[in-house]
Amino acid sequence: MTATATPAVGRTTERAGGGALAGTGVLLRFDLRRDRVRVPVWLAALTLGTLWVAAAFPQLYPTAAERQAAAATMNSPAGLAFTGPAHYLSDYYYGSMLSHQMLGFMVIMVGIMSVLMVARHTRTEEETGRAELVRAAVVGRHAQLAAALILTVAVNIALALLLTLSLGSLGIGGVTWAGSLLYGAAHAAAGITFAGVAAVTVQITEHSRGASGMGLAVVGAAYLVRAAGDSAGSGLSWASPIGWAQQTFAYLDNHWWPLLLNLAAAAALAALGFALSTRRDLGAGLRAARRGRPEASRALTTPLGFALRLHRGMLIGFAVGMLVLGMSYGPFLADVETKLQSVEVLKEALAQLGGATFVDSFIAMIMTLLAVVAAIYVVIATLRPRSEESSGRAEPVLATGLSRAGWLGSHLAVALVGGPVMILLAGLALAATGAPTVDESGLFWEIIAAAAAYIPALWVTAGLAVALVGWFPRASALAWLVVVYAGVVGYFGTILRFPGWMSNLSPFGHIPRIPVEGFSWTPLLVLTAIAAGLIALGLYGFRRRDLETK
Amino acid sequence: MTTAIAISGLVKTFGSTRALDGLDLTVNTGEVHGFLGPNGAGKSTTIRVLLGILRADSGSVTMLGGDPWADAVALHPRLAYVPGDVELWPGLTGGEAIDLLGRLRGGLDRRRRDELIERFDLDPSKKGRTYSKGNRQKVAIVAALAFEAELLLLDEPTAGLDPLMEVVFQDVIGEAKAAGRTVLLSSHILAQVEKLADRVSIIRLGKIVQSGTLAEMRHLTRTTIEADTAGRVTGLEQLPGVHDAEVGDGRVRFAVDGAHLDGAIRHLSGFGIRALTSHPPTLEELMLRHYGDELAAEHAAEHQGTRQAVRK
Ligand SMILES: Nc1ncnc2c1ncn2[C@@H]1O[C@H](COP(=O)(O)OP(=O)(O)O)[C@@H](O)[C@H]1O
Ligand SMILES: [Mg+2]
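Quick note, the sequences are listed as chains A and B, same order.
Residue 1 is where the first sequence starts when you use UniProt numbering, and the numbers rise one by one after that.
Residue 1 is where the second sequence starts when you use UniProt numbering, and the numbers rise one by one after that.
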C-alpha cells in the first residue's frame with residue numbers, strides 16, 4: 001500500500017498550470033482511492049440503520065392510538081432532549097416519527113464521519129510527512145484541503161441521495177418522496193457544516209488526534225445545545241447545526257430554508273480554514289509547540305506514572321465530559337416528575353413496571369447511556385498499549401527492566417480505575433444537580449448506586465479488550481463492538497422494543513437497573529469474576545506472544 | 001564467562017517468511033562485534049530475539065548466561081538497546097524519554113547523561129514530535145549509554161546521524177570498548193563497523209555466511225596493488241594468485257590473493273619499485289565478493305517488483 005501511496009502528481013504539471021489549487025483533481029482521485037472501503041462502509045451503515053428503523057415503525061405502532069401514546073411519551077423535557085423539537089409531535093405519523101427520533105442521532109454519526117474524513121486527508125497526511133512529498137510535487141497550497149472538502153461534500157451528497165431513494169421507495173405511510181428528499185438533504189447539509197468545522201480545527205493543532213478531537217467535541221456540543229433547546233422549547237436549538245437540520249421538520253412541514261444556515265456556516269468555516277492555512281507552515285499548528293521539562297519528574301519514571309502520563313489528556317477530557325453530561329440531565333428530574341404524572345397512558349405503563357416512579361425509570365435510562373459513554377473511555381484506555389506497540393514505542397520500554405505484564409498491567413490499571421471514575425463522576429453530577437429538586441428521600445445515594453452498579457460491566461469491557469490485545473492483537477479493534485452493541489441496545493432497545501435476549505448478550509444488560517430494580521450482588525459478582533478471568537487470560541497471552549514490531 | 005552471546009541454529013519465521021534460518025553467532029565478552037548485512041537480512045530480528053521481544057521458533061540462544069525469553073526481566077537491566085527506527089512519545093520531551101528509559105532499566109548516571117547530551121548537541125527540552133530522525137536516534141543513544149550496561153545491542157544506531165555526530169558516536173563506542181563492555185553493532189554501513197569492530201559476522205538471508213576478525217577475512221580475499229617501477233614489469237601474470245594485471249610502461253596494477261601477496265611483492269621488487277600503494281579490501285568488497293552476483297540479480301528483481309506495484 002505505502003509503495004503505491006504517493007500519487008503521480010508530477011504528471012499534472014501542464015494541465016494544472018500552477019495556482020493555489022493546482023493538483024486538486026489528482027489528489028481528489030487519490031483520496032477517493034484510499035477511502036474506497038471506508039466510504040462505502042459508512043454509507044451502507046448509515047443508510048441501512050435508517051431503513052431498519054423506518055421499516056420497523058409500522059409494526060411497532062400500527063394504530064393511531066399507539067402513535068398518539070408514543071408522542072405522549074416523547075412529550076417530556078427528557079424525551080425531547082433525546083430526540084428533537086416538540087413540534088414534530090403535532091402529527092406523529094411514521095415520517096415525522098422517523099425525523100423526530102432518528103435525525104438528531106444520525107446527524108451525529110454523519111458529523112463524526114465528516115470530521116474524521118477531513119482530518120484524515122489533511123492533518124494526518126501532514127503529520128506523517130506524506131504531505132511534504134505531495135506538496136513538493138506541483139500541488140498548490142490549498143489543494144490538499146480542497147480535495148478533502150470536495151470528497152467529504154460528495155460523500156454527504158451521496159448519502160442524501162441514498163437516503164432519499166431508499167426511504168422514498170419504502171412506501172410507508174407518511175414517508176413521502178418530498179419528505180425523503182429533504183430528510184436526506186438535512187443529513188448532508190449538517191455533515192457539510194461539520195466538514196467546515198474540521199477544515200478549521202485541522203489548522204489549529206499539529207496533531208491529527210487533537211484536530212479530530214476538537215471537531216468531534218463541536219459535534220457533541222452541537223447535540224447538547226439542541227438537546228437543551230428542544231427540551232426547554234427555547235430558541236437555543238437555533239444555535240446548533242444539528243438544530244437547523246431538525247428545524248426543517250422533514251415529512252411534517254418540509255421547510256428547506258434552515259439548511260441555508262448549514263450551508264452558509266459551512267462556507268464561512270471553509271473560507272476561515274483556507275485563510276488560516278496560509279498563516280502557518282506545513283506541518284505546524286497555529287498553536288506553537290511548547291517546550292517542556294528537560295528532565296523527567298520522579299513520578300513519570302515509574303511504570304504507573306508513565307502510563308498515567310500517556311493517559312492524562314484523555315482522562316481529563318472524559319472526566320470533564322462526564323461531569324457535563326451528568327449535569328445536563330440533572331435539571332430534568334424535577335420536570336419528569338411534574339409533567340409526566342399527568343399523562344394518562346404513562347400511568348398505566350408505570351403500573352406495569354411495579355411501583356417505579358417516572359423519575360426512577362428516567363434515571364435508569366440515563367444511566368445506561370452514561371455507562372456506554374464510560375465504556376467508550378474504557379476501550380480507548382485499554383487499547384492504548386496496543387497503539388504504543390504498533391507504533392514501535394513499546395519496544396524500547398520492554399527492553400528495559402519493565403516486564404510485559406507490568407507494562408500492560410499499568411495501562412490496564414488506568415482503564416480499570418478510570419472507567420469507574422467516569423461513571424461515578426457522571427452519577428455524582430446527575431445526583432448533585434438532580435436529587436435536590438425531587439421530593440424523594442435517599443435519591444442522591446440511589447443515583448450513585450445506579451452508577452456504581454455498572455462498574456463490573458466496565459471491567460468486563462476492559463477484560464474483553466485486553467484479551468484481544470493478548471491473543472489477537474490485529475483484531476483488538478473488535479473491542480469496540482461491545483460498546484457499539486451496548487449503545488445500539490441502549491438507544492434503540494426502547495424505540496424498537498428489542499427482545500430480552502438481545503440485551504442479555506451484552507455485559508451491560510445484566511446490570512440491575514437501579515433504582516427501578518433493586519440492588520443485587522449476584523450478577524455483579526459474576527461479571528467481576530468474568531472480568532478477572534478475561535484479564536488474566538489477556539496478560540497470559542501477551543506474555544507469550546511476539547511483540548509486534550514495525 | 002567469556003561469551004556474551006551464543007546463538008546456534010536460530011530459526012524465526014513470520015508466516016511464510018523465514019527471517020532467520022539456522023543462524024549461529026558468537027560474541028565474546030569485551031569485544032565490539034560488527035553484525036553486517038543488507039536490508040532484510042535478519043539483523044533486527046536477531047536483536048529482537050536477544051531482547052525477548054520475539055520468541056525463537058527453534059535453536060538455542062544464551063545471552064549473559066541467561067535465556068533471553070525466559071529471563072528477559074532479569075537480563076534487561078544489564079543491557080542497553082538502541083532500536084533502528086526510534087519512535088518517541090509526541091508529548092514527552094527528549095530529556096523525559098531519556099530519564100524514563102534509564103530509570104525503568106534501573107537507574108542512570110546523571111553526570112554521564114548530561115555529558116552525553118552535551119556531546120551529542122541534543123536539546124532535551126523539545127517535545128518528541130518535534131525531533132528529526134537523527135535527533136530521535138540521539139535520544140535513544142544517550143538513554144542507552146548513560147549507564148554502565150555490560151552489553152550494548154545497537155541496531156543500525158547511526159542511520160540518521162550526520163557525519164559530525166557519527167564521529168562523536170564512534171568516540172563514545174570506543175570508550176565503551178575501553179571500559180570492557182561488549183557491543184553488538186549491526187549495520188549496513190560498512191565503514192563504520194570497520195573502524196570499531198574487533199570481529200564481524202556477515203548475515204545474509206537469515207544465515208551467517210562469514211565470521212571472524214577483519215584480518216582473517218582480508219586474508220581470504222584479494223588486495224589491490226598499484227606500483228610505479230623503474231622498468232617494465234614482466235612475468236607477473238604467470239605468478240600464482242595474481243589476477244587482473246594491467247601492465248603499462250613503468251606502471252602496474254593488479255589484484256593478488258592474500259596468500260600470494262608475499263611472492264608478488266618479491267617479484268615486483270626485482271623491477272625497482274618507486275612508489276607502491278595497496279588497497280586492502282573494504283567490507284563492501286568482502287560482501288560483494290561473497291554474493292555480489294546474487295545481489296545484483298535480486299536488485300533487478302526488486303526493481304521489477306516495484307514497477308509492477310506502481311502500475312497496478
Ligand atoms: N514482524 C514481522 N512480520 C513479518 N515479517 C517480518 C517481520 N519482521 C521482519 N520481517 C521480515 O524478516 C526479514 C528480516 O527482517 P529484519 O530482521 O528487519 O532485517 P534487517 O534488520 O537485517 O534489515 C525481512 O524479510 C522482513 O521483511
Ligand atoms: Mg533492521
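Idealized CB from N, CA, C, for every residue including glycine.
Can you check which of these residues, B/Thr-277, B/Leu-145, B/Leu-261, is closest to B/Val-252 by C-alpha distance? Ranking the options by Cα distance to B/Val-252, first place goes to B/Thr-277.
Same chain only: Cβ atoms within 6 Å of B/Ala-41, ignoring 5 sequence neighbours per side: Ile-203, Arg-204
Where does A/Asn-156 fall in DSSP's three states? helix
Simplified DSSP assignment, three categories, for B/Val-27: strand
Note down, in chain order, each residue of its chain lying with its Cβ closer than 8 Å to the Cβ of B/Asp-102, except the 5 sequence neighbours on either side. For clarity, residue 102 of chain B is Gly in the given sequence; the question names Asp instead. Excluding positions up to five away in sequence, the list reads Leu-108, Arg-113, Ala-143, Ala-146, Phe-147.
8 Å Cβ cutoff met for A/Thr-437 and A/Ala-334: yes
Nonlocal neighbours in the same chain, by C-beta distance under 7 Å from A/Ile-380, ignoring five residues either side: Cβ within range, chain order: Met-314.
Would you list the residues sitting across from B/Leu-152 in a DSSP beta bridge? Answer is B/Ala-80, B/Val-183.
What first and last residue would you give for the alpha helix (DSSP H) that runs through A/Arg-120? 94 to 121
Cβ neighbours of residue 552 of chain A in the same chain (closer than 7 Å, five flanking residues each side left out): Summary: the structure shown does not reach residue 552 of chain A, with chain A confined to residues 1 through 550, and so no result is reported for it.
Taking 8 Å as the threshold (C-beta atoms), are B/Val-49 and B/Pro-77 in contact? no
State yes or no: is the beta carbon of residue 322 of chain B nearer than 8 Å to at least one beta carbon in chain A? Missing from the structure shown is residue 322 of chain B; chain B here goes from 1 to 312 and no further.
If I measure Cβ to Cβ from B/Val-247 and keep anything under 6 Å in the same chain, skipping five residues before and after, which residues do I get? Val-233
Within chain A, partners of B/Arg-105 - CB distance below 9 Å: Ala-399, Thr-400, Gly-401, Leu-402
Pick helix, strand or coil for A/Gly-313, following the three-state DSSP scheme. helix
Integer Cβ distance of A/Met-422 from A/Phe-318, believed to fall under 8 Å: That belief holds up - the Cβ atoms of A/Met-422 and A/Phe-318 are roughly 6 Å apart, short of 8 Å.
Every unbroken alpha helix (DSSP H) inside the region 210 to 281 of chain A [4 residues or more]: 241 to 246, 258 to 277
Any C-beta of chain B within less than 9 Å: which residues of the region 289 to 302 of chain A qualify? Ala-289, Arg-290, Arg-291, Gly-292, Arg-293, Pro-294, Glu-295, Ala-296, Ser-297, Arg-298, Leu-300, Thr-301, Thr-302
Does the Cβ of A/Ala-199 have 16 or more other Cβ atoms within 10 Å, making it buried, or fewer, making it exposed? buried
Return the chain-ordered list of same chain residues with a C-beta closer than 7 Å to the C-beta of A/Glu-395, the five sequence neighbours on each side being excluded. Leu-547, Thr-549
Counting only beta-carbon separations shorter than 8 Å, does B/Arg-55 have a partner in chain A? yes
Determine the burial state of A/Trp-52: buried for a count of at least 16 other Cβ atoms within 10 Å of its Cβ, exposed for fewer. exposed
Would you verify that the beta carbon of A/Leu-539 is, or is not, closer than 8 Å to some beta carbon of chain B? no
Nearest-angstrom Cα distance between A/Met-97 and A/Ala-186? 15 Å
Cβ of B/Gly-52 within 7 Å of any heavy atom in ligand 1? no
Tell me the DSSP secondary structure of A/Ala-462 in three-state form. helix
B/Lys-126 by DSSP, collapsed to three states: which one? coil
Cβ neighbour criterion (16 or more within 10 Å) applied to A/Phe-472: exposed
Name the chain A residues that come within less than 9 Å of B/Val-27, Cβ to Cβ? Going along chain A, no residue has its Cβ under 9 Å from B/Val-27, so there is no contact; the nearest lies around 17 Å.
Where A/Val-9 sits in the DSSP three-state scheme: Model confidence at A/Val-9 stands at a pLDDT of 42, short of 50, so the residue's coordinates are unreliable and nothing is read from them.
In three-state DSSP terms, what is B/Asp-249? The answer is coil: DSSP assigns B/Asp-249 none of H, G, I, E or B.
With hydrogens ignored, establish whether the beta-carbon of B/Lys-126 is closer than 7 Å to any heavy atom of ligand 1. The answer is no for B/Lys-126.
Contacts around B/Arg-136, its chain only, beta-carbon distance under 6 Å, and the 5 residues preceding and following it disregarded: Here the set comprises Val-86, Leu-88.
Does any CB atom of chain E fall closer than 8 Å to the CB of A/Phe-542? The structure shown has no chain E; the protein chains it does contain are A and B.
Residues passing the C-beta test against ligand 1 heavy atoms, cut-off 6 Å: A/Thr-549, B/Phe-14, B/Thr-17, B/Ala-19, B/Gly-37, B/Asn-39, B/Gly-40, B/Ala-41, B/Gly-42, B/Lys-43, B/Ser-44, B/Thr-45
Is there a Cβ from chain B that is less than 8 Å from the Cβ of A/Glu-395? yes
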